[in-house]
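Okay, so here's the structure we're looking at.
Numbering (the numbering used here), first residue to last: 632 to 977.
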């Protein structure tokens, strides 16, 4: 039977990330350790990709897993059963292959999965294994949760960016991601991450429609970014994107300004000082998290005449680790900007 409990005013599902079993505060540390070791070692022996993790004990530490084990963890979340400490633990194979998994998956829920299950999904995302993530998220198709819906939207967008369209047109694939973000906000308007991804996807969706539609979307994009920061003042990504919004508006091409002027009767006001304010806040919240934030600061400070600080941030941009295609594009832009603004020996 599926049940839900209330924790600090929010309903969550009493499902476990590990084959429907969840330790209670009275569960012994040895029992928990046995469960996780049995689960992980069973699948580690079957897959050369391996896994890494650490065990959640009775002090409520978080269990992380990656690789093949992560998928198996995520694939088990539909089980929806709980077992008391007095019941037999059973083997991972018995739990994973139980028909209860398939039966319980048919029941729709409007509650957020436990934090450890979301952490598994985020770990797969951080590993940039987006096709694996899509499979893991499909196990939540009957769960109407803002936390799941914005993660589905994010995954869909990443698949579009790497060209995994599943036979769809790019426009259709982007519109699916946009619709998922919309639905996330319908479920929970107070979800900061849902607003952040609504901003990102409203821009991507409008861009797919053309330049005019993208420019018309500018106020909506900023509105969702501001709401994200209002809900979570330390949302470094949203703060960086607000800086990006401001600098793109400030440096907008003349023909784009003509379109914006036609649409809104004038170009929205934006300054380099605004860029610095948002991006310095982002840097304070998450130092060095994103080379794009460093690059925006370099551009803004240089444009404001503070070339020393601009060069400092530019050099930090060029030293930053490149993890994604976006990081690579930012680094290429930074190199070109460096050659233009600071020619000669470094």
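Glycine included, every Cβ here is placed at the ideal spot set by N, Cα and C.
Tell me where the alpha helix (DSSP H) around residue i begins and ends.
| i | result |
| --- | --- |
| residue 826 | 823–840 |
| residue 951 | Looking at the DSSP string, residue 951 is not in any alpha helix (DSSP H), and its letter there is neither H nor E. |
| residue 799 | Unbroken run through residue 799: none, as it is neither H nor E. |
| residue 775 | That residue, residue 775, is in no alpha helix (DSSP H); it is neither H nor E in DSSP. |
| residue 937 | That residue, residue 937, is in no alpha helix (DSSP H); it is neither H nor E in DSSP. |
| residue 761 | 761–768 |
| residue 753 | 746–757 |
Expressed to the nearest angstrom, what Euclidean distance is found between the alpha-carbon atoms of residue i and residue j?
| i | j | result |
| --- | --- | --- |
| residue 965 | residue 916 | 23 Å |
| residue 785 | residue 881 | 28 Å |
| residue 679 | residue 890 | Any answer about residue 679 is weak, because its pLDDT of 38 lies below 50 and its placement is not dependable; what the coordinates show is given next. Those two C-alpha atoms are separated by around 55 Å. |
| residue 708 | residue 787 | The predicted model places residue 708 with a pLDDT of 33, which falls under 50 and marks its position as unreliable; any figure quoted below should be read in that light. C-alpha separation (whole angstroms): 20 Å. |
| residue 755 | residue 748 | 11 Å |
| residue 823 | residue 884 | 31 Å |
| residue 806 | residue 836 | 6 Å |
| residue 803 | residue 907 | 36 Å |
| residue 869 | residue 970 | 29 Å |
| residue 573 | residue 910 | There is simply no residue 573 to check, as the chain begins at 632 and stops at 977 in what is shown. |
| residue 681 | residue 766 | Because the pLDDT of residue 681 is 34, which lies under 50, any placement of that residue in the model is unreliable, and the number read from its coordinates should be weighed accordingly. Approximately 19 Å, taken between the alpha carbons. |
| residue 865 | residue 839 | 30 Å |
| residue 1014 | residue 960 | As shown, the chain starts at 632 and ends at 977. That puts residue 1014 outside it, with no answer to give. |
| residue 700 | residue 763 | Only weak support is given to the placement of residue 700: the predicted model assigns it a pLDDT of 32, under 50, and the value that follows is read from those uncertain coordinates. Residue 700 and residue 763: Cα-Cα distance of roughly 11 Å. |
| residue 894 | residue 975 | 44 Å |
| residue 842 | residue 958 | 24 Å |
| residue 833 | residue 938 | 34 Å |
| residue 862 | residue 827 | 10 Å |
| residue 914 | residue 935 | 19 Å |
| residue 951 | residue 794 | 26 Å |
| residue 948 | residue 773 | 42 Å |
| residue 768 | residue 752 | 8 Å |
| residue 757 | residue 954 | 10 Å |
| residue 928 | residue 809 | 29 Å |
| residue 945 | residue 967 | 11 Å |
| residue 789 | residue 746 | 22 Å |
| residue 926 | residue 847 | 26 Å |
| residue 760 | residue 797 | 16 Å |
| residue 801 | residue 853 | 24 Å |
Notebook entry, point to check: At what residue ranges does the stretch 859–902 contain a whole run of the alpha helix (DSSP H), taking only runs of 4 or more?
Noted result: 867–881 and 885–895
Notebook entry, point to check: How do the stretch 873–887 and the stretch 897–909 stand: do at least 3 beta-carbon pairs fall below 8 Å, yes or no?
Noted result: yes
Check: Would you call the stretch 891–898 and the stretch 855–865 touching, i.e. three or more CB-CB distances under 8 Å?
Finding: no
Margin query: Tell me whether the stretch 810–817 and the stretch 776–785 touch, counting them as touching only if at least three CB pairs, one residue from each stretch, are closer than 8 Å.
Written below: yes
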